[in-house]
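Asker: Right, I'll just put the structure down here and ask away after.
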Amino acid sequence: MKNTFKILCTAAVSLAVLASCDQENIKDMYEPMQANEVSFAAEVFSSTYMDQSVNTVNVVIARGSADRALTVPLIHSMPNCVSVPESVDFAQGEYEANVELQLLDNFYGGKTYSGIIQIADTTLYNEATPYPAIQVKLSKALVWQKLGKGEFYDPILDDILTPQVNQAVNAGYPLYRIVNPYVESKDSTALKAIVDNLQAAGFEDAGVEGVATAEIEISIRESSKADVDTLVWSGSWTNGVMVIDSIPASSIYYYYPADAPVESIDANDSKVSVADMYKDCIRLKNGIMQFRPYIVAYGQDGKPVLERADWYCYFSLPEADVTVTAELPNLPVVRKDEN
271 MKNTFKILCT AAVSLAVLAS CDQENIKDMY EPMQANEVSF AAEVFSSTYM DQSVNTVNVV
331 IARGSADRAL TVPLIHSMPN CVSVPESVDF AQGEYEANVE LQLLDNFYGG KTYSGIIQIA
391 DTTLYNEATP YPAIQVKLSK ALVWQKLGKG EFYDPILDDI LTPQVNQAVN AGYPLYRIVN
451 PYVESKDSTA LKAIVDNLQA AGFEDAGVEG VATAEIEISI RESSKADVDT LVWSGSWTNG
511 VMVIDSIPAS SIYYYYPADA PVESIDANDS KVSVADMYKD CIRLKNGIMQ FRPYIVAYGQ
571 DGKPVLERAD WYCYFSLPEA DVTVTAELPN LPVVRKDEN
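Number 453 in the numbering used here belongs to position 183 of the sequence shown; there are no gaps in the numbering.
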């Protein structure tokens, strides 16, 4: 059975009393200037984070006189994942009608689709008509499915973690969440091991007072032209450890290369090429996902006390044919104790 997302509106006998729970910027009192003047109920229609099962959305349109049946032609700029009818019909006696929008199979979750729907027949409105066009914004919530335990290698830990992995099943592209990879707890074995490794590397005051990122969300930009697919994550994540226990800014950040602060990359004359880093954030041909983050922590003066651009992280999905554990000896891993 088709699921329909219905907009509940009060029936109107004139454009003066139109209202909607989802239609925004409704104008004040207005008396129609012509018998069959037609208008949308608002300037903006917004329905976001809809359930995945929704496949129909109704946008209200109204007229000031209902003495006869009327067909109103429409034009629009909505994307091709939203089907808009060429016209909408009013039966005799009807002051309101619905413009029924069909959400097609390529209407994916996690993205807002927008466009304009407009009355095409200019004789049906005039310069004083409240809304001869309406801006429409639509989105569906992402649906996440648990896949099981994956494998995640961190170069500072120099070991493999096995976090829960979720996948967005309606994103339209590979999108995953690595859930709580460092286990956000002061008693985490992984965090203590990271502290030990940092102390061995000369950071004697390293501690676990930082906050570990709860989810690392990664996507795969599949390419039909390039040899490899690009791995992308947003901004940065943290592992819950501070390089200097008394300085919150010394939390360790793993930046996506394009989001890395340029002033930090150049601070130690490292001559790091962000473009080269970006090229190393890929899904390898064996399916292993390779991160090359810009890893940085800041001291009291705001300058980097830890800065690396040549350490790699790796990730494999639950039940993958090739795992990080099996492939680690063959990967170009640069570990914490290597220059």
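Glycine included, every Cβ here is placed at the ideal spot set by N, Cα and C. Predicted model, so just to flag it, every value in this text is computed and none were measured.
1. If you run the structure through DSSP and keep just helix, strand and coil, what is E492?
2. Over the uninterrupted beta strand (DSSP E) stretch that includes L461, give me the two end residues.
3. Taking the beta carbon of C291 as the centre, do at least 16 other beta carbons fall within 10 Å, making it buried, or is it exposed?
4. To the nearest angstrom, report how far apart K399 and L408 are at their CA atoms.
5. If we count Cβ pairs, one from each stretch, closer than 8 Å, do we get three or more for the segment 549-557 versus the segment 383-390?
6. Which residues in the same chain have their Cβ closer than 6 Å to the Cβ of I514, if we skip the five residues on either side of it in sequence?
7. Which residue spans inside the segment 317-401 form an unbroken beta strand (DSSP E) run of at least 3?
8. Do R333 and E313 have their CB atoms nearer than 8 Å?
9. Using DSSP's beta-bridge definition, name the partner residues of A567.
10. Using only CA atoms, which one of E370, P349, G380 and Y564 lies nearest to D359?
11. Whether or not the segment 456-468 and the segment 419-431 are in contact is what I'm after, with contact meaning three or more pairs of Cβ atoms, one per stretch, closer than 8 Å; do they touch?
12. According to DSSP, what are the bridge partners of S520?
13. Go to D546, then tell me how far its alpha helix (DSSP H) extends in each direction, as first and last residue.
14. Residue range of the beta strand (DSSP E) that T500 falls in?
15. Pull up the distance between the alpha-carbon of L340 and that of A361, whole angstroms please.
16. Are the CB atoms of A530 and Y568 within a distance shorter than 8 Å?
17. What does the alpha-carbon distance come out to for the pair R562 and I517?
18. What's the C-alpha gap between A596 and Y423?
19. Taking the straight line between their C-alpha atoms, what separation do you get for I488 and E577?
20. Is A528 helix, strand or coil by DSSP?
21. Since V465 contacts V511 with CB under 8 Å, what's their CB separation in whole angstroms?
22. Going by DSSP, which residues form a beta bridge with N509?
23. Taking only the alpha-carbon atoms, compute the straight-line gap between V330 and D580 and give it to the nearest angstrom.
24. So Y446 and V435 are in contact, right, with Cβ under 8 Å, and what is the actual spacing, rounded?
25. Can you give me the C-alpha to C-alpha distance between V478 and V566, rounded to a whole angstrom?
26. By a C-beta neighbour count over all protein chains shown, 10 Å radius and 16 as the cutoff for buried, is E492 buried or exposed?
27. Checking 8 Å against the spacing of the C-beta atoms, do I486 and P527 come in under that value?
28. Report the rounded CA-to-CA distance for S316 versus N350, giving the unit in angstroms.
29. Give me the Cβ distance between F377 and K419, rounded to the nearest whole Å; I'm assuming they're in contact under 8 Å.
30. Give me the residue from F585, A482 and Q405 with the minimum Cα distance to I490.
31. Quick check on D499: buried or exposed, where buried means 16 or more other Cβ atoms within 10 Å of its Cβ?
32. If you check the beta carbons only, do V603 and I558 fall under 8 Å apart?
33. Just to confirm my understanding: we take M547, look at its own chain, exclude 5 residues before and 5 after, and list those with CB closer than 7 Å. What are they?
Answerer: Quick answer:
1. Note: E492 maps to coil in three-state DSSP.
2. L461 -> not in any beta strand (DSSP E); alpha helix (DSSP H) instead, spanning T459 to A470.
3. Summary for C291: the model assigns pLDDT 38, below 50, so the residue's position carries little reliability; its value from the coordinates is reported in the next sentence. The residue is exposed, with fewer than 16 neighbouring Cβ atoms inside 10 Å.
4. According to the sequence displayed, residue 399 carries Thr and not Lys. Each residue's Cα considered, the two are about 25 Å apart.
5. The segment 549-557, when compared against the segment 383-390, does not touch it at the 8 Å Cβ threshold.
6. So the qualifying residues of the chain are D475 and S520.
7. Runs found: 326-333, 340-346, 357-360, 366-373 and 382-389.
8. Result no, Cβ atoms of R333 and E313 do not sit closer than 8 Å.
9. Its beta-bridge partners are L576.
10. Ranking E370, P349, G380 and Y564 by CA distance to the CA of D359 puts E370 first.
11. With the rule of 3 Cβ pairs closer than 8 Å, the segment 419-431 counts as touching the segment 456-468.
12. Residue pairing by DSSP places S520 opposite no residue, since no beta bridge is assigned to it.
13. Counting along the chain, the alpha helix (DSSP H) containing D546 begins and ends at V544 to K549.
14. Segment D499 to W503, the beta strand (DSSP E) holding T500.
15. The straight-line gap from Cα to Cα measures roughly 7 Å.
16. No.
17. Looking at the backbone, the Cα of R562 and that of I517 are separated by about 26 Å.
18. Distance between the alpha carbons of A596 and Y423: 12 Å.
19. When the Cα atoms are used, I488 and E577 turn out to be separated by approximately 23 Å.
20. It is helical.
21. By a beta-carbon distance limit of 8 Å, V465 contacts V511. Their separation comes to about 6 Å.
22. In the DSSP assignment, N509 forms a beta bridge with A482.
23. One C-alpha to the other measures close to 56 Å.
24. Y446 to V435, Cβ: 6 Å. Contact.
25. Approximately 16 Å, taken between the alpha carbons.
26. So E492 counts as exposed.
27. Result no, Cβ atoms of I486 and P527 do not sit closer than 8 Å.
28. Cα to Cα, the separation comes out at about 18 Å.
29. Wrong, their Cβ atoms sit about 32 Å apart, outside the cutoff.
30. Here the closest residue by C-alpha is F585.
31. By the Cβ neighbour-count rule, D499 is buried, with 16 or more other Cβ atoms within 10 Å of its own.
32. Cβ distance not < 8 Å, so V603 and I558 don't count as in contact.
33. P527, R562, Y564 and A579, listed in sequence order.
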